[in-house]
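Colleague:
In my numbering, the protein residues as written are 835 to 1184.
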């Protein structure tokens, strides 16, 4: 596998994301300056200068004309991707953890942390294309403390297909769906025992995968929120992505960042791990980083993937011909008398 080292950030990487077409790669870190790169050769096109805090999340629109960035300086900036200028700054009450365009890219949602007297909030803003004068949030959903007095912080936000619901994950392992029209909570369920670090969808938004500090990543069906598969590791999982061209899952993580300096690279296990989506088996790993992997992104065309880590580097990996032409093994049919044979026959009859 041929990696290109992208040296564009001074501090640890927080997010890497491909655009819809896969020709551009957007990266952000704790150094306040998001960058845009060509995914085919790793050439940096430009930077977006204007924030004064860590960039926790970003999201380019469907046609890569506008970019949203969520920052710890309690603002969300709307950028022109071509010129790098700020079109508008949306001010929040606390550090902004996540941002996501709605289908159609005429509005977007943000999640912000609690700060002083303000609770954590989910906000929805209108941002029609060509608009110059933007107003305040169209809808604000307050996230008060739990009955036991604990603060629950949102960690990720996304829109479901046709903007039917807002999808929000939390640091207690919960996932909630909200009605984007009136802010009512539609559903809540617990996917993990610990914090959900990241959630990512496939491009059609039929599947999503959650990455958690409980050492697992879980695959779910978007329509009925049914749990399908679990991918177990021996370290916290910081990010996981679904391949668009193969039945593969990529997992990134590693030991806690605070204890990295006392650990050798081999022991910390700072590699990207490849799992088969259906069989839940790990079949490979890619090493290279000197710190836990914080962010992963895979190109929609399936030719390369990017990983960003605590060491401040983004590694752009191009898959070998052997991987691209590899066929996934098909398990042999169970024989009479083997464990699971009767159950398999019953499921086939049904």
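Cβ atoms here follow ideal geometry from the backbone N, Cα and C, with glycine treated the same way.
#1: As a quick exercise: from 1118, 1114, 964 and 974, pick the residue whose alpha carbon is nearest that of residue 1106.
#2: Count the other CB atoms, across all protein chains shown, that sit within 10 Å of the CB of residue 1061; report buried if there are 16 or more and exposed otherwise.
#3: Comparing C-alpha positions only, which one of 1171, 1130, 898 and 1163 sits nearest to residue 1151?
#4: Can you name, in chain order, every residue of its own chain whose Cβ lies under 7 Å from the Cβ of residue 1104, other than the five neighbours on each side?
#5: Quick one: using the 10 Å Cβ neighbour count with 16 as the cut-off for buried, is residue 1188 buried or exposed?
#6: Would residue 860 and residue 894 be called neighbours here (beta carbons separated by less than 9 Å)?
#7: When DSSP builds the beta bridges, which residues end up paired with residue 849?
#8: For residue 1138, name the three-state secondary structure that DSSP assigns.
#9: Where does residue 947 land, buried or exposed, given buried means 16+ other C-beta within 10 angstroms?
#10: Using DSSP with H/G/I as helix, E/B as strand and the rest coil, what is residue 955?
#11: Confirm, please, whether the CB-CB distance from residue 961 to residue 912 is below 9 Å.
#12: Whole angstroms are fine: how far does the CA of residue 1139 sit from the CA of residue 1113?
#13: Does DSSP classify residue 911 as helix, strand or coil?
#14: Leaving out the 5 sequence neighbours to the left and right, which residues in its chain are closer than 7 Å to residue 979 when beta-carbon positions are compared?
Modeller: Judging by the given coordinates:
#1: 1118
#2: exposed
#3: 1130
#4: 1088, 1123, 1124, 1125, 1126, 1127 and 1143
#5: The structure shown does not extend to residue 1188, since the chain is modelled only from 835 to 1184, so the question has no answer here.
#6: yes
#7: 862
#8: strand
#9: buried
#10: strand
#11: yes
#12: 22 Å
#13: strand
#14: 985
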